[in-house]
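Each remark here refers to the structure printed beneath this line.
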Amino acid sequence: MELKKRIVPLSFLFTLLYIHCTVDYAKGSVATMVKSMTRRRSIQEQVGAGPEDVCAGILGPGWQKMSTNQSPCPELVVWVPKKPGFSEFVQVNKESKLEGGFSIAIFCHSLQLLPYNIQPIFKPFVNDKGESKGTMFQLLENIKNKNCEAAAGDITIRSDRAKFIDFTTPYLSSEVYMLVRGSHEWNQTLLTFLKPFTWRLWITIIGACLFIGVAIAILEYRVGNPKFAIPFYHKLVMVVWFPISTFYFREGISLFFRYIINIIKALFGKYQ
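In mature numbering (1 follows the signal peptide of the UniProt record, and there is no 0), the protein residues as written are -28 to -1, 1 to 244.
Structural data, given as structure tokens:
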């Protein structure tokens, strides 16, 4: 009984301490949350009060170098297009604010290389509904004959646009490709087999064939081959035909090709 009387006050004391610590922790969490929300709201108010530095979000806060050179345009208004589909080059969100893109990153890097400082002010070319205000041609006409204004994005260089505006050097060939099934037309002729070799190589091949045929004919004539006891025209045909047969026919020829060779020989014998 005495032990129970001692345990009950101790447990009650520990419960009070736990509740007190929990309340202090909750108050600290609420205070931290309020401070964080207040700080975030003040940052948003500062951003909304002036133009947002998009290049700082891409290259970092210290993207501009300290330069004493006088800039021709301390602030440069840059118009950017808004496209509903492909947004990798220029990304404009639903609130008509520029978030970045490949073309914008290239533009910021180009400004970083200049010998003087220029603060770009990006303005999406949109209407009150957040949609595109017009075509790319109208966007370029918007900066016609204006100082310290430019346009950034995947803008195609065309001759009609170059009449009233200056373009930079193209940094990317932005083309549209389509993969289709190739169709090969049959435009072969009888002389197509001559195309792989040059005329010098063909002369060399023909000369080698004639040389081989003449050399074999001389050797066969010296040993007294009875097949060479034929007229000169037959000998000439044999000299020309033998090298050709060694090029296009192999040993152990089939009966079908043997039949064709016999027909050719018969035709040669017929027109002699």
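Think of the CB as a built atom: it goes at the ideal place given N, C-alpha and C, for glycine as much as any other residue.
If you're wondering where the values come from, they're calculated on a predicted model, not measured in any experiment.
Residues near residue i by beta carbon distance below 7 Å, same chain, minus five either side
i, result
"Asn89", "Gln36, Ser39 and Ser43"
"Met108", "Pro53 and Ile127"
"Gly185", "Val211, Val212, Phe214 and Pro215"
"Lys188", "Here residue 188 turns out to be Ile, not Lys, going by the sequence shown. The residues are Phe214."
"Ala28", "Trp35"
Simplified DSSP state of residue i, which is helix, strand or coil
i, result
"Phe94", "strand"
"Val49", "strand"
"Gly185", "helix"
"Ser39", "coil"
"Ser75", "helix"
"Glu192", "helix"
"Leu85", "coil"
"Glu113", "helix"
"Leu70", "strand"
"Val62", "coil"
"Ile232", "helix"
"Ala124", "coil"
"Ser131", "coil"
Cutoff 8 Å; reference residue i; Cβ partners in own chain excluding five residues on either side
i, result
"Glu113", "Phe136"
"Asn117", "Phe136"
"Ser59", "Gly73"
Nearest-angstrom Cα separation, counted from residue j out to residue i
i, j, result
"Arg153", "Thr164", "25 Å"
"Glu67", "Gly125", "19 Å"
"Phe61", "Asp25", "18 Å"
"Leu191", "Pro168", "34 Å"
"His81", "Arg130", "24 Å"
"Ile76", "Thr170", "53 Å"
"Tyr193", "Gly179", "21 Å"
"Arg133", "Leu31", "31 Å"
"Leu166", "Leu182", "19 Å"
"Leu83", "Asp138", "17 Å"
"residue 251", "Pro33", "The structure shown has nothing for residue 251, since the chain only spans -28 to 244."
"Ile202", "Ile232", "23 Å"
"Arg172", "Leu208", "24 Å"
"Asn234", "His206", "15 Å"
"Ile115", "Leu144", "23 Å"
"Trp174", "Ser217", "17 Å"
"Asn197", "Thr161", "41 Å"
"Gly102", "Leu85", "33 Å"
Spatial neighbours of residue i in its chain, beta-carbon cut-off 6 Å, leaving aside the 5 residues before and after
i, result
"Phe97", "Trp51, Pro53, Lys105 and Leu111"
"Phe94", "Val26, Val50, Val52 and Leu70"
"Cys120", "Cys45 and Leu48"
"Val195", "none"
"Asp100", "none"
Exposed unless 16 or more other CB atoms sit within 10 angstroms - verdict on residue i
i, result
"Gly57", "exposed"
"Phe79", "buried"
"Val64", "buried"
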